[in-house]
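Numbering (this note's numbering), first residue to last: 2 to 177.
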């Protein structure tokens with residue numbers, strides 16, 4: 002069983018990393034959804050944080066490293082925390098609300114110029130507003146991508162559980 006979980010974990014990381022490498026619209030990526038899903042579904046809280054971070058690190062090592070990486074990784078850790086709060090309360094409404102909230106937090110955290118070194122924005126509130134205004138056109142894709150990937154992850158997991166449970170009286174499926 003432990004070996005099967007390890008293989009599943011490696012496949013999730015590789016799949017997530019690979020999906021960032023495939024052609025896709027700007028800011029449509031699965032990492033935020035993976036972070037939310039892992040927080041909500043992984044029994045092991047450490048793995049809930051490690052899986053999205055590793056997926057991001059693996060794909061960043063191919064795409065290239067960039068200024069502000071720490072801020073991006075921190076934003077995904079916050080999204081994993083949202084998933085931990087979502088745990089046990091998953092339904093369509095809470096998943097949609099958590100997905101939207103995670104997208105908004107990611108936008109606010111990663112576009113705050115004081116968190117990313119060497120930005121072209123002036124210090125203070127005017128620089129913050131300028132940064133958010135410049136990033137606003139990208140938010141739509143972030144939101145749509147997060148909604149799509151969350152629907153896919155949570156929906157396919159729920160479907161798999163229903164199929165599994167309808168054929169067996171075993172306990173609910175748990176992730177590593």
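Glycine included, C-beta positions come from ideal geometry on N, C-alpha and C.
In this chain, the alpha helix (DSSP H) harbouring residue 59 covers 46–64. If you ignore the 5 residues before and after residue 142, its C-beta comes within less than 8 Å of the C-beta of 26, 27, 28, 29, all in its own chain and listed in chain order. Per DSSP, residue 74 is one residue of the alpha helix (DSSP H) stretching across 70–87. Checking the DSSP bridge columns, you'll see residue 140 has no partner listed.
A residue is called buried once 16 or more other Cβ atoms fall within 10 Å of its Cβ, and residue 63, having fewer, is exposed. For residue 120, no alpha helix (DSSP H) segment is defined, and its DSSP state is neither H nor E. Around the CB of residue 126, fewer than 16 other CB atoms lie within 10 Å, so the residue is classed as exposed.
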